[in-house]
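Down below is the structure, laid out as structure tokens.
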Amino acid sequence: MIRIIRIFNICAAVLALMTMTTQCTSKKEVIQPVAPEIVRNFRTDLVINYRLDKSGITDTFNNAINDIFKQDFDLPDYDVKMRLSKPKSASVEIEGKNVLVVIPMNIYVEKQTFLSKLTANGSIEMSFISGVDIDSLWNLSTSTKLAHHRWIEKPKISVLGVQLPIETIANTILKKSKSLIEQSIDQSMKENFLLKAKMRENMKIFDQPMKLDNPVNAWLYVQPSEFRINPVSNQKLSALGKIEVRGVTTFSTYKPVIKPPVQSLPKVYWSDQIPDSSVFRVVADVKTMDINDLLKSNLDGKTFTEGSNSITLSNIVTNCDFEYLRVVTDVAGTVNGTLIFKGKPKYDKIMNEFYMTDIDISLKTKNVIHKAAAWIAEGRIRKELEKQLRFSIDATLKDAQMNIDQQLRDIQAKYDIQMKIGIGSVTVENFDLKPGQIEAVIMSKIYLQMSIRDFRSFNKF
């Protein structure tokens, strides 16, 4: 459950891709790099929709109580030996904070007299409710009690062909067996859910920034502040629940300053108000020098032709200040010199894309800057450049989804936990230009679901 929080790494890789390609309108320039600085951090809410496979959960509880049926029990007050057996599997239902375990049980009773050995058989159905609670400090507590029992057949001893009810012995059997099962279920749940210790171990994930594998050489720093869980909802074949991780996420193209690890765990609370989707925000601080290769791959060496005129671009560098983004490139062909493109990046919330219009194009030849010729500044070359400087965020989501799906298949093969992630939307809430860098606030809505076959899967992390 907890290790699944590594999904932050996957989501962040997607958002890093968004941020990187958004900067198709910004690249490197020969300047002194500015001091990296992120002045805004935003809350991130990661919601994990989990689905517990009830067949696997049932197996876990049956394994927990099977040892009870491998031994004989003595009732010395009555000089009776007792043996319990389970003719079929116990059933398990989960609702809210309670686990209902219904156990069918056969009972064999044996009493030795000076004349003969007396035996009796009976059967009973016992229903146990385990109350499960987690306090704000991650302390797990369980309390299992017999909620209901139903004698299907009470044990009877046959003496000289006469069936004699043994109510007192039957009630003693009930009392003894219920105590054993209550203790066994509680002990099993404690062994399967070493929650606090497991949380301490997995919180180490967040001690160091995570380096993302993408061309931007980006870093993700996640600082969880609290967790929320909701009571489980019982379904026919599974039990459904949600876990919400609240925290602050910082994204940068340099390794951020590492803060001392927090010794105490973030607190956890029960909540009925957990949304279905995650709201994932990052503050993206992307320096133009780090992403210049992307624009060069699109334009460097590209030849533009307009009628009898043509130019070839090379040595592309990009920079920005507080207001304008500039792309500078050498040109050779009909004219030789340096072209300078200057404009203001814009974001279209409806189309969910970045674009540049009203680009000012000037030409520098022999240290003199003048307006570019009309066939460069107004014709097909200009339109092609504006096209190259347009980036649709939505268009990249399909590829991002395919990349995520592959990573999830790897997780399933390693941990036997099936997960699904659907990217609902990725939008830019706002962005600012700074000398040598672009700072953007990116928000993504993501649906994350994981299916757990067995409680013991948790301990594989």
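According to our numbering, numbering within the sequence shown proceeds without interruption in unit steps and concludes at 476.
Heads up, the beta-carbon is just placed ideally off N, CA and C, and yes, glycines get one too.
Enclosing alpha helix (DSSP H) for residue i [first to last residue]
i	result
N245	No alpha helix (DSSP H) contains N245, which DSSP labels as neither H nor E.
K311	N307 to L314
DSSP-derived helix/strand/coil call for residue i
i	result
L142	Here residue 142 is Ser; the residue named in the question, Leu, does not match the sequence. If DSSP states are grouped into helix, strand and coil, S142 belongs with the strands.
L235	strand
A14	Given that the chain is displayed from residue 16 to residue 476, the structure contains no residue 14 and the question cannot be resolved.
F337	coil
D74	helix
N154	coil
I63	strand
D287	coil
D447	strand
D420	helix
D201	helix
Q403	helix
K460	strand
Q278	coil
S292	coil
K103	coil
I188	helix
N169	Looking at the sequence itself, residue 169 is Lys, so the reference to Asn does not match. Here K169 sits in coil by DSSP.
D222	coil
I196	helix
L252	coil
I326	strand
I396	helix
I426	helix
A31	Any reading at A31 needs caution, since the residue's pLDDT is 33, under 50, leaving its predicted position unreliable; the model's value is listed next. DSSP places A31 in helix when its eight states are reduced to three.
N- and C-terminal bounds of the beta strand (DSSP E) containing residue i
i	result
S131	No beta strand (DSSP E) contains S131, which DSSP labels as neither H nor E.
R98	V95 to S100
T318	T318 to E321
K126	N113 to Q127
D89	D87 to L90
S106	S106 to E110
Under 7 Å between C-beta atoms of residue i and residue j
i	j	result
M1	I188	Here the chain comprises residues numbered 16 to 476, so residue 1 is not present and cannot be evaluated.
P91	V124	no
K257	N64	yes
I200	S158	no
A6	I461	Any property of residue 6 remains undetermined from this structure, which presents the chain solely from 16 to 476.
I184	H164	no
I331	D315	yes
S106	V95	no
F356	V342	yes
N445	I408	no
Y370	K361	yes
L4	K205	Here the chain has residues from 16 to 476 only, and residue 4 is not among them.
N307	Q403	no
N349	N324	Correcting the residue type first, residue 349 is Thr in the shown sequence and not Asn. Yes; because the gap between Cβ atoms is below 7 Å, this pair is in contact.
M465	M434	yes
K429	L252	no
T344	K379	no
G137	E168	yes
C335	L155	no
L328	K317	yes
Presumed contact (8 Å Cβ cut-off) between residue i and residue j, rounded CB distance
i	j	result
N78	S100	At roughly 16 Å, the Cβ-Cβ gap does not stay under 8 Å, so N78 and S100 are not in contact.
T264	T59	4 Å
W285	P239	The Cβ separation is near 17 Å, so there is no contact.
S133	I172	The residue you asked about is not Ser; residue 133 is Leu in the sequence shown. The Cβ separation is near 5 Å, so the contact holds.
L423	S293	Between S293 and L423 the Cβ distance is about 15 Å, and since that is not below 8 Å, they are no contact.
P281	E241	5 Å
I149	V260	No, I149 and V260 are not in contact; Cβ-Cβ is about 15 Å, not under 8 Å.
E454	G394	So it is not a contact: roughly 34 Å between Cβ atoms.
V62	V114	That pair is no contact at about 23 Å.
T303	T333	5 Å
E401	I374	6 Å
I376	A387	5 Å
I75	S104	Correcting the residue identity first, residue 75 is Thr in this sequence and not Ile. Not really, about 11 Å apart at Cβ, beyond 8 Å.
I419	I436	5 Å
Original post:
Which runs of the beta strand (DSSP E), 3 residues or longer, sit entirely within the region 345-394?
Top reply: For the region 345-394, the continuous beta strand (DSSP E) assignments of 3+ residues that do not extend past its boundaries occur at 352-358, 361-363, 368-370, 375-380 and 383-386, in sequence order.
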